[in-house]
Structure formats: structure tokens, C-alpha cells
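Novice: One structure, pasted below without further comment.
Protein chains in written order, with the numbering used here: chain V, 903 to 1338; chain P, 903 to 1338.
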């Protein structure tokens, strides 16, 4: 970026998608960022602003004059403005709200009222609503008036006198319809909608299920108060997926990107689960202590503990992850429990037998242990796989039934449970067969 | 479903979204399904058909007369028809293609030519394209002619004489523009597009990044050949997420839903990884065998093996899952390696010290081991957490750099590696400090 070629830079920037401009801006020095940002035309500036991360936004706002801030804030869609305000410190929030025009401020405050992660908090209040008695020509006239400020016009919702949602008409239907048709004749009366209080994850999944690009949001009385657009639904899906991954790895989910999170915050999100799991592993230790005498006689048996524990843990996670994902995609329900258990049981028998057989060959020919010891280890392996698969499929289903997120029953917990069970089986069988 | 109330059933069905009708149909008996399906009006029938699972589709097609099959197939969007054909057995495919009208058949074959999981395979060839010299009024007329068969008209693409993509105009811009404006004046010349050969996961991520509802697909010469719509992008995102979950749990991904997959197929997708991991665990066993004498003197040490292995594994998965997800969302890149390693190192010191301190208290007061033994265990714990966090963050980054999917470096592999390392540390420290 040379000082003189601002005009050329501007010409290049306006050809780029906002997300790419934002990525480019994150590489700029703190000093040149406001300069370059001012080159952007108003609407592109607002779109780019939305794509930037909150630190950069904060830095930019501090450099803005009141007039500049006003221009950006009023150009933002209301849902983006509300999201911005949630990220900024209190003094910046005050400045933003002061610069927003009264109507925008009212709408922002409206959205901020809704609980975090609810449909209300991710909706926008800028949409076009039509009335049933309008003709197609009236409707298109209204869209031309209001469409500039609306986030999307792909779906136009029809309301009655009490602002209650009574139908939907897509822009495509409008364009294909006759100019004199009444909206009530061409509208679809059966609209999928959500309440403001609905969880955002449910909302996002409805987009996937019903192939939507817009979803109307209604209040307790069925009045249309906003719309959620598909781009926000995709963001929610990505966020929820990240949360699921984190929960499965025993991490308390955080909203911030990794590189922006402080060491102390990362530590805080990870240490509780490490502690809980460490203390749970004590039980496994107790089992070993209990069979200390047996181990003294057959120290050899110790060498197979890691293999048994790991194979059990892996078998269990395979089953639990399959079930957790199935529940999350609504492919599985609690009433399928017995079908799932039966299927996992069959898989467990097959997998357990395969692993035991291969292990038997290895034990006899490579490790050259006695037949009895090989038998103890292989039988344990077989039973461990069975127990692990069943634990792995039953626990997430029970968690879901009890109203918990089944994801907490992912690998770390299943592994801890299976560890203890596999050692119990190991020592029981060893004492029985080897007579120690 | 009573025999007589077909009319009433039809009235209820037409008020329901296709996805819900499909869910309802999956509960029907094999015999009544074709009867009820015939109640649906043509367009709703096609939309519902798309939402059904492939077994039911197969069953329905077998019951269809040629005329019925023809009606459904020609009503389907071309991308859905192509997806259907990929799922059906060869004889059914032949019947479907025979019933499709020649133009549809040509388009279906076009899509089927592209490799699986490419942009070409998920696109539809039914879209409206405009020319630069048209006026807005011309354009709207053209949309009214072609729009009925087009999957979406939210974005209309502008092409030149050689069918090359030169711009895009949204239906909203068209509606808000003056009737006499030329398209070249109002169109946006900078269109994000993908090549037919692009991977579908990249395509889906572009929707998320650029907040798109439609994405144009061009061939090697820049000619517009199709469009991908956001609903298909969401399906791809969900599919890829499921695959990531499966890979993280050491399962070879399959496309079929769990309840439809046979026991043998599930076994086949799980057993190779279980075997590989079981055999890798042998090294851990070898380490134990190597220190058998030390263990004979201090059998007590065995009791802490599971706790050390589990804590190491959990610490490692936390780091690896964080890094894997960051890579997948493009929040992290290879050049961040040193920042990540440094951050994880600090987190590891903190987390390791916390766990070691709490464990020390437990060892001294509850387990009442000697000070030296407690010291050995806590030092091992601390070092294991450090090694695990570093392994967990470095391996996925290296895998990505080497061109592999970093997901394969998730918990199961990290755990196996960390197990071996933690035992090595344990016994080294034990032999040094306890002098065995």
C-alpha cells in the first residue's frame, strides 16, 4: 500500500467480496487501517465491518468521528448491529447507541432484550410484510419502497390486522403471478415459523430440514416480529458444531477464536474436566490396588493393561460418537434404543472376535505367553469390546432422555467408565482361570 | 388413515411441509404408501419424494406406472434427479432415464459426469441467465418465462456471447431498479464462482464465508454451467461434519444412516482402526515389559498407570480437537504453528501444575504413599500433560502440512502416542528417583 495509489487501491477493493476485504484488513497495521477503511463506499464499508473480528471493530470505532460511526451503524442490518453491541465494552456501546437513529436504536434494543442463543437474538427486524388484500402490483410497489432496508426480499410475509402471520409469498411467486392477482389468492397459508424464545440450534436445524432461506419469527401471540436469514443459520450451525467438538474433547465451550483467547481462559475451559476425569480414574487405580497380589505373581499381566484399556476406549467412542451424531441429526430417537443396542451388540461380537483372534495369534507366536494367559487376555478383550460398545450406545441415549446434552457422554467419559469395567473383567477372569 | 377419508387426508397433507410429509410416510405400511402418495398434488409429490430416504423411494418407484414415474421425474429439479439416480440400482436407473424427457435426461447425464463430491455433482443446471444488453423489463420478462423451472431466481447470472459468466444481479436489485435500466449498468461484475471440479466441502464453506444463497459454477473456460443453492450447501456441511466426527472416533465414514447400515458394514467401517490402534498399543505394552523388574519391586506404581494414561490422553485430545477445529474453520494456519505451540505450552504448564498439586494432596493424605513415590507420580503427571498438549497441537498441524486430513490426528491416535510417552516418562523418573 503506497501512499499515493489510494485511488487504485479503492478500485481494487470495490471488486472484492467483503469477507476477503476483512481478511486483508486484519493484516494491515493499526495506523493504516482507518485510512484504508475510509476508502470504501458506504455500503461496502458496512458489509466489510460486519466481517471483521471484534478487536479490529473496536479499534476502528475508536478512530471514527461521530459522523463516521453514525454512517456505519445506520448502514448495518439491525441483527448485525445488535451482535456488534454485544461484543463491545460499555462505553463504546453507549457511543454506538447515541449515533444510531431513533428507529434503529429502538430495533437494536428490541433484539438485545431476547435471551442469548434464542431465535429473537439472531433475527433481524428489517423485513417486508404484505397484507392479504393487496394485489401483486401493490405488493411489488411496497417492496420497491421498503426493500432497500430489508435484509432479504426472497420471502415476503403476509400479516393480518393484528400483525399476526397468516401466509408467505416468495418473490418468485410474485414475479410469476399476474399483476392483478390478490396476495391472498397466491400466498401459501402454511408457513413454518418459530417463537422468539426458540433455541437458535433448533432454528438452524429447521433451515436444514425444510430447505429454507428465510424463517419468520413470531411472538407469543403469533405476531410477526422478525426474520432469520440463512446466512445466520449457517453461522449458528458452525458454532454449534464447534461446541459439540469441544464438549466431546472435554472442553467447556467458549465463543472466542483460539488465537484471541488468553492462556488463563483456555486453562479455565479445560481444567475442570481434566480434574473430574483424573479423579474418576482413581477408581481404576483402586481396582488395580485391590488385585495387587495377583499382579505380583503375574507381572506379565500388567503389560496388557494399556492395550485392553485403549481398545475398550476406542470401541466405546466409536459407538458413542455414532449414537451422539445420530441423535443430533434426529436420525435416532429414544424409542430406537433396543434396535441400537441389538445392532451394537452384534457389531461388538464380530469386532471383539476379530480383535481377540488376531491378538491370540500375536500372543502365542510373538509374545510366546502360555495358552492360559493368552486365553485370559483374549477373553477379556472380547468382553471389553462388548461392554464398551454397549456402554457407548446406551449412555448417550440415557443422557438425552434425562434432558442432558448427549455429547457429554462422548469419548472421555465413556473411556473412563470402560477403563474401570475392563480392568474388573481382566482381574476377575485372571483370578478365576489362573487361580491366583 | 381410514379408507374413506382420503379427501380429508389430502387436505391435511397439502398444509404440511414436504420434510414432515416424508417423515410421516416413513411410518406408513408398504401397502398404503403408494395410495397416500398419489393423493399429493404433482409439485408437492416431487418435493416430498426428494425428502424421503432411498429405500422408500425405491419402493415407490417400483409401484409407479410409467406415466406416474415420468410425472415425478420431470417435476424434480435436475440436481435432485441426479442424486436419486446415484442411489438407485441399475435397472431402476434405466427406467427413470427412459421416462425423463430428453432435455432433462441430457441435464441429468451432464451432472452425473462430474466426480462425486465435486461442485459439478451437487449443482443444478436449471437457472435463469441474462444478457448484459437487456433492460430490466426484458430481464423480468425472461424470468417470468423461465422462472417456473428454475430452482431459484434470487440471483440471476449475466453471461456474454460465449456463455461466459460476466456478472450477477439479484432479484432484489432488479425489482428496485428502473424498468429501462440496462442490466450491464446495475449488475455486479465481481461474482464469486467455483469450478465444476472444486471439492464440495470448499463450496459449502464459501457459502458460510461469503453469506451466499446461490453460487454459480463455471467450467474450465469460465462458461456458466450451473448453480449450487444454499440448501444443498447446508446438506454438504452437515455431511462433512458427520464425517469429521466419525474420523475423530476412528471410524471410516459411510454415507448411510446408522439404522439402515448392516452390522457387517458397521463392522467393516470400524475394525481397521481398532486393529491398527490395538497393534500400536503393543508398544506401550513393550515399555511395561521392559520395566517389569521395577514394577515387581513397586507394584504400587501400577495402580497409577490408568490415571496417568487417561489424563495424558484427555489433555492431548483437548489440544488436538481445538487445533483441528481451528484448521477446519480456517481460523488457524500452518504459519501460526509457533504461536500455537507457545500457547499450548503455557496452558500445559498451568494445567499440569494444577493437576499435579491436587494429586499430590490426594496421594499424601488419602493414599498415604511415601513422599518420594508421590513426587514421582506428580512429576510424571506434570510432564505427561506438557508432552500431551504439545503432541496434540503439533501432530494435526503437521498432518495438514503433509496434505492429510488433520482429523485423523484426533483423540485415538494422540492417545496411543501419549500413552507410550507417558509410560516412558513414568518409568524413567521412577528408576531415577526410586533407584530401582
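For every residue, glycine included, the Cβ atom is placed at its ideal position computed from N, Cα and C.
1. Could you list the residues in the segment 1093-1121 of chain P with a C-beta less than 7 Å from some C-beta on chain V, going in chain order?
2. Quick one: Cα of residue 1041 of chain V to Cα of residue 1029 of chain V, how far?
3. If you run the structure through DSSP and keep just helix, strand and coil, what is residue 1338 of chain P?
4. Are the beta-carbon atoms of residue 1162 of chain V and residue 957 of chain V separated by less than 8 Å?
5. Taking a contact to mean a Cβ-Cβ separation below 8 Å, would you say residue 1242 of chain P touches residue 1263 of chain P in this structure?
6. Ignore the nearest five residues each way along the sequence and tell me which others in residue 1338 of chain P's own chain have a CB closer than 8 Å to its CB.
7. Whole angstroms are fine: how far does the CA of residue 940 of chain P sit from the CA of residue 926 of chain P?
8. Suppose only complete runs of 4+ residues qualify. What are the alpha helix (DSSP H) ranges in the segment 936-1000 of chain P, listed by chain order?
9. Going along chain V in order, which residues have a C-beta closer than 7 Å to the C-beta of residue 1201 of chain P?
10. When you compare the segment 1128-1136 of chain V with the segment 1164-1180 of chain P, are there three or more beta-carbon pairs, one atom per stretch, that lie closer than 8 Å?
11. Should the segment 1023-1038 of chain P be regarded as contacting the segment 997-1005 of chain P, the criterion being three or more beta carbon pairs within less than 8 Å?
12. Taking only runs of the beta strand (DSSP E) that begin and end inside the segment 999-1081 of chain V, which ones reach a length of at least 3 residues, in chain order?
13. For residue 1261 of chain V, return the contacting residues in chain P, with the cut-off set at a CB-CB distance below 8 Å.
14. Return helix, strand or coil for residue 1114 of chain V, following the three-state DSSP convention.
15. From the DSSP output, which residues share a beta bridge with residue 1249 of chain V?
16. Please identify the residue among P:1093, P:1074, P:1301 and P:931 whose C-alpha is closest to the C-alpha of residue 1054 of chain V.
17. Which residues, in chain order, does the segment 1052-1070 of chain P contribute to contact with chain V at a C-beta distance below 7 Å?
18. Considering Cα atoms alone, identify which of P:1252, P:1229, P:1079 and P:1056 is closest to residue 1217 of chain P.
19. So is residue 1184 of chain P in contact with chain V if we call contact Cβ pairs under 8 Å?
20. If we define contact as Cβ-Cβ less than 8 Å, is residue 1297 of chain P a contact residue for chain V?
21. Counting only Cβ-Cβ distances shorter than 8 Å, please list the residues of the segment 1231-1263 of chain V near chain P, keeping chain order.
22. Span of the alpha helix (DSSP H) holding residue 1132 of chain V?
23. Which of helix, strand or coil does DSSP assign to residue 1305 of chain V?
24. Thinking C-beta only, is residue 1160 of chain V closer than 8 Å to residue 1279 of chain V?
25. Could you round the C-beta distance between residue 1212 of chain V and residue 1321 of chain P to whole angstroms and report it? I think they count as a contact, below 8 Å.
26. Which one of P:1229, P:1277 and P:1329 has the shortest CA to CA distance from residue 1306 of chain P?
27. Pop quiz: residue 984 of chain V and residue 1010 of chain V are said to be a contact at Cβ under 8 Å. What is the actual Cβ separation, rounded to whole angstroms?
28. Three or more C-beta pairs under 8 Å: does that hold for the segment 1115-1130 of chain P against the segment 1091-1107 of chain V?
29. Looking only at its own chain, which residues have a Cβ that is under 6 Å from the Cβ of residue 1290 of chain V, when we skip the five neighbours before and after it?
30. Where does residue 1157 of chain P sit, in a helix, a strand or coil, going by DSSP?
31. How would you list, in chain order, the residues of chain V whose beta-carbon sits under 9 Å from the beta-carbon of residue 891 of chain P?
32. Between V:1007, V:1164, V:1141 and V:1272, which has its C-alpha nearest residue 1248 of chain P's C-alpha?
33. Can you confirm whether residue 1212 of chain P, when its beta carbon is compared against all beta carbons of chain V, has any partner nearer than 8 Å?
34. Say whether chain V places a C-beta atom closer than 8 Å to the C-beta of residue 1172 of chain P.
35. Quick check on this structure: which residue in P:979, P:1031 and P:1079 has the alpha carbon closest to the alpha carbon of residue 1064 of chain P?
36. Output, in chain order, the set of chain V residues within a Cβ distance shorter than 8 Å of residue 956 of chain P.
Specialist: The short version:
1. 1094, 1109, 1110, 1111, 1112, 1113 and 1115
2. 13 Å
3. Reduced to three states, the DSSP call for residue 1338 of chain P is coil.
4. Remark: C-beta atoms of residue 1162 of chain V and residue 957 of chain V approach each other more closely than 8 Å.
5. Taking 8 Å as the Cβ cut-off, residue 1242 of chain P and residue 1263 of chain P do not qualify as a contacting pair.
6. The residues are 1195, 1196, 1199, 1200 and 1332.
7. 15 Å
8. 944-953, 956-965, 968-977 and 980-989
9. 1194, 1197 and 1198
10. no
11. With the cut-off at 8 Å, the segment 1023-1038 of chain P and the segment 997-1005 of chain P do not touch.
12. 1031-1033, 1057-1061 and 1067-1072
13. When 8 Å is used as the limit between beta carbons, residue 1261 of chain V is near these residues of chain P: 1180, in chain order.
14. coil
15. Answer by DSSP bridge pairing: none, since residue 1249 of chain V is not bridged.
16. P:1074
17. 1055 and 1056
18. P:1252
19. yes
20. Not one beta carbon of chain V lies nearer than 8 Å to the beta carbon of residue 1297 of chain P.
21. With the criterion set as a beta carbon lying under 8 Å from some beta carbon of chain P, the members of the segment 1231-1263 of chain V are 1231, 1233, 1234, 1238, 1241, 1242, 1245, 1248, 1249, 1252, 1253, 1256, 1257, 1260 and 1261, in sequence order.
22. 1132-1150
23. Three-state DSSP puts residue 1305 of chain V in coil, outside helix and strand.
24. no
25. 7 Å
26. P:1229
27. For residue 984 of chain V against residue 1010 of chain V, the beta-carbon gap comes to about 5 Å, under 8 Å, which counts as contact.
28. Contact fails: fewer than three Cβ-Cβ distances are below 8 Å.
29. 1214, 1217, 1218 and 1320
30. coil
31. Any property of residue 891 of chain P remains undetermined from this structure, which presents chain P solely from 903 to 1338.
32. Comparing alpha-carbon positions, the option among V:1007, V:1164, V:1141 and V:1272 lying closest to residue 1248 of chain P turns out to be V:1164.
33. yes
34. yes
35. Ranking the options by Cα distance to residue 1064 of chain P, first place goes to P:1031.
36. Result: empty, since nearest Cβ-Cβ is about 14 Å, beyond 8 Å.
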